[in-house]
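Numbering (my numbering), first residue to last: 75 to 271.
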């Protein structure tokens, strides 16, 4: 991937730096565009948690499209340095919080926060997405009543996860990438509860 940009919103067209090396896997423009087409206007004034944030591409796109705030979590010094440069160059530093932490450890904290969207995209999948989902399921108050935990994963890895408080509402596949949307099981409606496909 030669470079990435903000696709839409007030920052449309601005370039983002990539994290050096191969330890991060930025979401493709196609998948990112599809993600925000699904979310639509619900991103406006939303609070988002970007786990395994890497370049910050998803969270910065959310800010460009009107999100109220984004909390970026990553454990890589190089990734966080790149992310901070991307926030500075796009002008979104004031609406962002950047924390160096292991994502799973962060989710286990009692005061992790409440979010409308939690984006889970481990750079090397290997089942980490399941662990992250289970952490959120154990503390469902992290997710707003009609919020979504969104997993980016390889379709070959997708399988049913035993959860008590979250349910799978929707899946979308784009080549070698799948997006899976999980919402509160006790919510009467979900923002994105269309048929799975």
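C-beta atoms are modelled at their ideal positions from N, C-alpha and C, and glycine is treated no differently.
Note that this is a predicted model, so its numbers are computed, not measured.
Task: Alpha-carbon spacing of residue 79 relative to residue 203, whole angstroms - done: 25 Å
TODO: Could you check which residue in 236, 235, 254 and 250 has the C-alpha nearest to that of residue 243?
DONE: Cα-wise, what sits closest to residue 243 is 254.
Task: CB of residue 149 within 8 Å of CB of residue 186, strictly - done: Pairing residue 149 with residue 186 gives a Cβ-Cβ distance that is not under 8 Å.
Task: Backbone CA spacing between residue 146 and residue 123 [nearest angstrom] - done: 6 Å
- [ ] Below 7 Å CB to CB, which residues in the same chain sit around residue 167 once its five sequence neighbours on both sides are set aside?
- [x] 161
- [ ] Using alpha carbons as the reference points, say which of 126, 104 and 142 lies closest to residue 190.
- [x] 142
- [ ] Indicate whether residue 218 and residue 173 have their beta-carbon atoms separated by less than 8 Å.
- [x] For residue 218 and residue 173, no; Cβs fall outside 8 Å.
Open item on the list: Under DSSP, the beta strand (DSSP E) around residue 193 begins and ends at which residues?
Closed with: 189-194
Open item on the list: Measuring alpha carbon to alpha carbon, tell me which residue in 248, 87 and 257 is nearest residue 108.
Closed with: 248
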